[in-house]
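Engineer: Residues in the sequence shown are numbered consecutively from 92, following this note's numbering.
Ideal Cβ placement from N, Cα and C applies to all residues, glycine included.
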Amino acid sequence: MKIVSGNSNLPLARAIAGYLELPLTNASVRRFADDEIFIEIHENVRGEDVFVVQPTNHPANDNLMELLIMIDALKRASAKRITAVIPYFGYARQDRKPGPRTPISAKLVANLITEAGADRVLSVDLHAGQIQGFFDIPTDNLYGAPVMSADILSRYGSQELMVISPDVGGVVRARALAKRLDNAPLAIVDKRREKAGESEVMNIIGDVDGRFCILIDDIVDSGGTLCNAADALRAQGASDVVAYCTHGVLSGSAAERVANSSLKELVITDSIKPTEAVAAAHNIRHLPMASLLGEAIRRIADESSVSSLFD
Ligand code: R5P
Numbered sequence: 092m093k094i095v096s097g098n099s100n101l102p103l104a105r106a107i108a109g110y111l112e113l114p115l116t117n118a119s120v121r122r123f124a125d126d127e128i129f130i131e132i133h134e135n136v137r138g139e140d141v142f143v144v145q146p147t148n149h150p151a152n153d154n155l156m157e158l159l160i161m162i163d164a165l166k167r168a169s170a171k172r173i174t175a176v177i178p179y180f181g182y183a184r185q186d187r188k189p190g191p192r193t194p195i196s197a198k199l200v201a202n203l204i205t206e207a208g209a210d211r212v213l214s215v216d217l218h219a220g221q222i223q224g225f226f227d228i229p230t231d232n233l234y235g236a237p238v239m240s241a242d243i244l245s246r247y248g249s250q251e252l253m254v255i256s257p258d259v260g261g262v263v264r265a266r267a268l269a270k271r272l273d274n275a276p277l278a279i280v281d282k283r284r285e286k287a288g289e290s291e292v293m294n295i296i297g298d299v300d301g302r303f304c305i306l307i308d309d310i311v312d313s314g315g316t317l318c319n320a321a322d323a324l325r326a327q328g329a330s331d332v333v334a335y336c337t338h339g340v341l342s343g344s345a346a347e348r349v350a351n352s353s354l355k356e357l358v359i360t361d362s363i364k365p366t367e368a369v370a371a372a373h374n375i376r377h378l379p380m381a382s383l384l385g386e387a388i389r390r391i392a393d394e395s396s397v398s399s400l401f402d
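(1) Is DSSP giving Tyr234 helix, strand or coil here?
(2) Would you kindly report the start and end of the unbroken alpha helix (DSSP H) that includes Ala371?
(3) Going by DSSP, what residues sit across from Phe142 in a beta bridge?
(4) With a CB to CB cut of under 7 angstroms and the five nearest residues on each side skipped, what residues in its chain are close to Arg105?
(5) Based on Cα-Cα distance, which residue from Asn319, Cys304 and Val311 lies nearest to Asp281?
(6) If you draw a straight line from the alpha carbon of Phe226 to that of Val299, how long is it in whole angstroms?
(7) Any heavy atom of the ligand R5P inside 7 angstroms of the beta-carbon of Thr147?
(8) Under DSSP, the alpha helix (DSSP H) around Arg167 begins and ends at which residues?
(9) Assuming Tyr116 is part of the alpha helix (DSSP H), what are its boundary residues?
(10) Which residues end up in the neighbourhood of the ligand R5P when you take C-beta atoms closer than 7 angstroms to any of its heavy atoms?
(11) Apart from the five residues on each side of it in sequence, which residues of its chain come closer than 8 angstroms, Cβ to Cβ, to Ala265?
(12) Closer than 6 angstroms by C-beta to Ala327: which residues in its own chain qualify, once you throw out the five before and the five after it? Chain order, please.
(13) Return the first residue and the last residue of the beta strand (DSSP E) that Leu217 is part of.
(14) Excluding sequence positions up to five away, which residues of its chain have a Cβ less than 6 angstroms from the Cβ of Leu324?
(15) Evaluate the contact criterion for the segment 132-139 versus the segment 184-204: three or more CB pairs, one atom per stretch, below 8 angstroms.
(16) Give the straight-line distance between the Cα atoms of Ala346 and Ser169, rounded to the nearest whole angstrom.
(17) Since Pro186 contacts Ala197 with CB under 8 angstroms, what's their CB separation in whole angstroms?
(18) Could you work out which residue in Ala370, Asn351, Ala321 and Ala329 is closest to Gly339 when comparing CA atoms only?
(19) My guess is that Pro146 and Tyr179 are in contact by the Cβ rule of under 8 angstroms, so how many angstroms apart are they, rounded?
(20) I need the straight-line Cα distance from Ala381 to Leu217, nearest angstrom please.
(21) Does DSSP put Tyr179 in a helix, a strand or coil?
(22) If Lys364 and Pro102 are in contact, beta carbons under 8 angstroms, what's the gap, nearest whole angstrom?
(23) Once DSSP output is grouped into helix, strand and coil, what is the label at Gly109?
(24) Spatial neighbours of Thr316 within its chain, please: CB distance less than 6 angstroms, with the 5 preceding and 5 following residues excluded, ordered by chain position.
(25) As a quick exercise: from Arg302, Asn274 and Val259, pick the residue whose alpha carbon is nearest that of Arg284.
(26) For Ala209, which residues from the same chain have a beta carbon less than 6 angstroms from its beta carbon, with the 5 sequence-adjacent residues on both sides left out?
(27) May I have the straight-line CA-CA distance separating Ile160 from Ile228, to the nearest angstrom?
(28) What number of angstroms, rounded off, separates the C-alpha of Leu297 from the C-alpha of Leu384?
(29) Closest to His373 by C-alpha separation, out of Lys270, Asp361 and Leu357, would be which residue?
(30) Which residue wins for smallest C-alpha separation from Tyr247, given the options Leu203, Ala287, Ser330 and Val144?
(31) Give me whichever residues DSSP pairs with Asp331 in a beta bridge.
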């Protein structure tokens, strides 16, 4: 087995390799003067089971291109099997046509990864489960919920917990978390989004008065969804609001927005390498995912069950 990393999240790739007690495969990524990407794998990978770790967060297009070129290099070097380990799968929010004459970019990206030569995909909390069906190769979708629920129970287990879905689309995810929190009650935020990057809370479905609210989402990008929801929950009498979110995209001034919000804390995983602003934010905490990803990789390599990780 070989673990290769692109540039997008080297600390996570190193931690995964550490879990598996393997060195990272020696590879280099360089740029030509016009920014074209050039990749060299400096070790023999002929006949190897290779895992390429590369989340496709900001800069999304560069990181995606790096992943595609890396897969191509491995394919041409006769790797036996290539698994694209994409802890955060960028473009996932474009999973349907929101209007006429618009693309389904998540499907296009899935096609590109397959065409480049990937044999399998391993990801975490895909924005929508059905994105697995965009790939015609086996795709494992891991869940952050077990890691999150363990953290919630150890830190806030003594509180009157209530799980909050920040929009109607997140109810299945919120219900799965509530089940892991001894069947905590559930409330839903009725969120409207007129245009990308701007959201508005219309209503809260459920009685949150006096409750310690746990907001759960897959992606925090501008921070608008979670910060607006936290304000609305506080206005309805919530005793405190914390947010758990798998992918801390946190674009632009989002870290500052979270720091100045009524959220007690935002807990994200390390699927995306934090920017300096995110690392410095006083109320943003990270949950490591290397053990979960490393164990899934070990099981894929051993041809054993991945789903039983979540039993
Ligand atoms: C939307 O469906 C996603 O699950 C997130 O709620 C959304 O991407 C968050 O975006 P923002 O932080 O910009 O409100």
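Structural biologist: Taking the structure as given:
(1) coil
(2) Glu367 to Ala371
(3) Ile94 and Thr174
(4) Leu115
(5) Asn319
(6) 40 angstroms
(7) no
(8) Ala151 to Arg167
(9) Before going further, note that residue 116 is Thr rather than Tyr in the sequence given. Careful: Thr116 lies outside any alpha helix (DSSP H) and carries neither H nor E.
(10) Arg184, His218, Pro257, Asp258, Gly260, Gly261, Gly288, Ser290, Asp308, Asp309, Ile310, Val311, Asp312, Ser313, Gly314, Gly315, Thr316, Leu317 and Ala345
(11) Val254, Ile255, Ser256, Leu277, Ile279 and Ile307
(12) Per the sequence presented here, residue 327 reads as Gln, with Ala not at that position. Excluding residues within five positions, the ones whose Cβ falls inside 6 angstroms are Ile295 and Val299.
(13) Segment: none, Leu217 is in no beta strand (DSSP E) and carries neither H nor E.
(14) Val299, Cys304 and Val332
(15) no
(16) 43 angstroms
(17) At residue 186 the sequence reads Asp, which differs from the Pro that was named. The Cβ separation is near 4 angstroms, so the contact holds.
(18) Ala370
(19) 4 angstroms
(20) 17 angstroms
(21) coil
(22) 6 angstroms
(23) helix
(24) Pro257 and Ser290
(25) Val259
(26) Ile162, Ile173 and Ala175
(27) 18 angstroms
(28) Looking at the sequence itself, residue 297 is Gly, so the reference to Leu does not match. Distance between the alpha carbons of Gly297 and Leu384 is about 35 angstroms.
(29) Leu357
(30) Ser330
(31) Phe303
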